[in-house]
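First the structure, in the form of structure tokens, and then the observations on it.
Chains as they are written, first to last, in my numbering: chain A, 112 to 470; chain B, 112 to 470.
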């Protein structure tokens, strides 16, 4: 029996997607083999790949002057790819907003290949807010401006898109496809799949055409967006099963009503949980109200000696993976697209019951 | 119904492995979620990862002073990783044997970061043989010696391990786990999974400990074997489903009798096909007898105007993916571990029948 899964990633996938994958795992569309067992260059897989790309383009309304790439290595490989692809034609300084653990990793890698200007940081209040534009100190000649629209660990989300004068780069791993996005305002959007797209092992990169000729000459081939774009993301054998499964998720998203529907659903789910927490003296959210993530909801118990009991009893109640990240402790409920309203209702019900019994 | 699948890669997987993955795809071991939906750092996935590594160590008898890594990006990312990891401490020249398309790609990437000495080449006879050691011109101070034990496209395989005085590096993508290998003679063995290990999207790297401190200082984090080794291949979120499935293949291999049994099976399967071809005037093998691959058997028809009919009729007979690589034409039957003897028998029967009717 399937349980409610609040894992921060690799995260829950839509059940209908898993059911279809299961049904055709040994015999895909009557071909006598699995989708995992055909050449990535075969007509049948090419159709999978192209359909997935088109569906993603439809969902996010990606303009024609952007390439959509399906690459290996997750967002972490892109932490390297961003400076390698954008520091090769002029400026080797970049603006970064420092909002938590993921921004930190992106910054650390960029610093190895150029100069990083920290535009703003929320370290002063333990990464519990998204610093507003009035506090930013931008560089005049930045090659690009990088930010993390949603910090999975801290549970902090930007509720607006920064307005900047150089190419805007976003690690959208944990909130992509949860709302409409004005892609035309971005130079590069990248996202590891394992939160809102598909299984781990594949990453999506959406890059504006004019940024494909700015790579350092000595860029490793596997990091080059230009090489990947020229090869239709098949310069090497792609992660075919992960690509196929991502495509099924895109079809499912379309059937649900697309990213507009996901935006409404995310608002509903996260409000349910935040409202409950705010009305309680037993639970609290460490994140400032204007910056609270719709995707990842960290919360703490007034008495952390009850953490163990909370985790054990919630798991027994069929609510999986509520433990907070090891670097911050407490609890975290991740409410990605595949997590249904019923899961959040069950969580709130459990939390109320736990408070009644233990509070 | 499952058909016989001779795809060169992503290739056939063992049917019992796919059946187990299918059964537990939505509810893995009664946990109420898929193996794709749990954190890579959870105790349950850690066990999957560690068991897979130990089983691979057992199968190949990997000595304790070697790390076993499970990385993303396939062999192609390793074409970059090899020079980046080994050109940082002294010599920036490497010996490469040039035996075909895959060696060519490895060489091209290494040439971007150092000097490549072509030890020997089989280009003179269209890559139809493995050049013997008597023809080699090695460098005295090479950082490493690279070769491709099996060329998937040309169908050429080395039937011995080179004896060299510097670290031996092998792209074993297409014949790993098909025979016992003296790992202690190698510095680095790497292999994309999608032929003899698992689905595409994961690569295995087996590297001797003393080679982990030779990387260029500016190596991109995602290419560093040292970073991966320190993090247990989890510096970024690994391709968890591909890792899990690879682990199931290792268990299946052990149950079949390990790599010794695979060596016997490979000899039997490939001999059946080569003997049939050699006894025919209708079919022929372009590869010299001492260098013929047990994994990939290219063959041509005496009259290539029959190629289309051969491919159409073989597919109708339930024999999939026999078309040769686009760069060489003709046919190719890949006989990896998951391809059963019955498949080869069915292929030979079909070929005999086709010859009778069309010859």
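C-beta: ideal position from N, C-alpha, C; glycine also.
Own chain, CB closer than 6 angstroms to residue i, minus 5 neighbours either side, in chain order
i, result
"residue 142/B", "none"
"residue 393/B", "413, 466, 470"
"residue 123/B", "116, 449, 450"
"residue 287/B", "302, 307"
"residue 454/A", "115"
"residue 348/B", "151"
"residue 463/B", "none"
"residue 206/B", "228, 230, 249, 250, 253, 256"
"residue 283/A", "260, 300, 302"
Other residues of its chain near residue i: CB distance less than 8 angstroms, five sequence neighbours each side excluded
i, result
"residue 294/A", "171, 172, 173, 174, 177, 300, 317"
"residue 403/B", "266, 267, 268, 381, 385, 396"
"residue 232/A", "208, 209, 210, 242"
"residue 441/B", "397, 409, 410, 411, 412, 415, 418, 435"
"residue 324/B", "200, 337"
"residue 478/A", "Missing from the structure shown is residue 478/A; chain A here goes from 112 to 470 and no further."
"residue 216/B", "187, 190"
For residue j and residue i, believed in contact at Cβ under 8 angstroms, the rounded distance
i, j, result
"residue 191/B", "residue 332/A", "6 angstroms"
"residue 409/B", "residue 400/B", "So it is not a contact: roughly 14 angstroms between Cβ atoms."
"residue 115/B", "residue 340/B", "Actually they do not touch by this definition, with Cβ atoms about 39 angstroms apart."
"residue 425/B", "residue 461/B", "6 angstroms"
"residue 365/B", "residue 166/B", "6 angstroms"
"residue 179/A", "residue 354/A", "Actually they do not touch by this definition, with Cβ atoms about 12 angstroms apart."
Any chain A beta carbon closer than 8 angstroms to residue i
i, result
"residue 472/B", "One cannot answer for residue 472/B here, as it falls past the ends of chain B, which runs 112 to 470."
"residue 143/B", "yes"
"residue 399/B", "no"
"residue 432/B", "yes"
"residue 138/B", "yes"
"residue 418/B", "no"
"residue 363/B", "no"
"residue 157/B", "no"
"residue 409/B", "no"
"residue 124/B", "yes"
Residue interval of the alpha helix (DSSP H) (run including residue i)
i, result
"residue 303/A", "From DSSP, residue 303/A is part of no alpha helix (DSSP H) but of the beta strand (DSSP E) over 299–303."
"residue 179/B", "Element bounds for residue 179/B: not the alpha helix (DSSP H) but the beta strand (DSSP E), 177–182."
"residue 127/B", "126–134"
"residue 458/A", "452–469"
"residue 338/A", "336–341"
Beta-bridge pairing of residue i - partner residues as DSSP gives them
i, result
"residue 394/A", "412/A"
"residue 115/B", "430/B"
"residue 218/B", "In the DSSP output, where bridge partners are listed per residue, residue 218/B has none listed."
"residue 256/B", "206/B, 279/B"
"residue 268/A", "261/A"
"residue 231/A", "208/A"
"residue 223/B", "Paired residues: none, contrary to the question."
"residue 407/B", "445/B"
"residue 314/A", "182/A, 303/A"
"residue 152/B", "According to DSSP, residue 152/B bridges with nothing at all."
"residue 319/B", "177/B"
Closer than 7 angstroms: residue i CB and nearest the ligand FMN heavy atom
i, result
"residue 373/B", "As for the ligand FMN, it is missing from this structure, which has no ligand bound."
Closer than 8 angstroms to chain B by CB, residue i
i, result
"residue 263/A", "no"
"residue 277/A", "no"
"residue 257/A", "no"
"residue 128/A", "no"
"residue 149/A", "yes"
"residue 353/A", "yes"
"residue 220/A", "yes"
"residue 438/A", "no"
"residue 195/A", "yes"
"residue 176/A", "no"
"residue 332/A", "yes"
"residue 132/A", "yes"
"residue 187/A", "yes"
"residue 303/A", "yes"
Other residues of its chain near residue i: CB distance less than 7 angstroms, five sequence neighbours each side excluded
i, result
"residue 374/A", "289, 290, 291"
"residue 296/B", "272, 279"
"residue 388/B", "394, 395, 396, 410"
"residue 198/A", "224, 225, 254, 327"
"residue 195/B", "224, 326, 327, 330, 334"
"residue 344/A", "180, 181, 182"
Continuous beta strand (DSSP E) stretch holding residue i: start and end
i, result
"residue 383/B", "Run containing residue 383/B: none in the beta strand (DSSP E); it sits in the alpha helix (DSSP H), 369–389."
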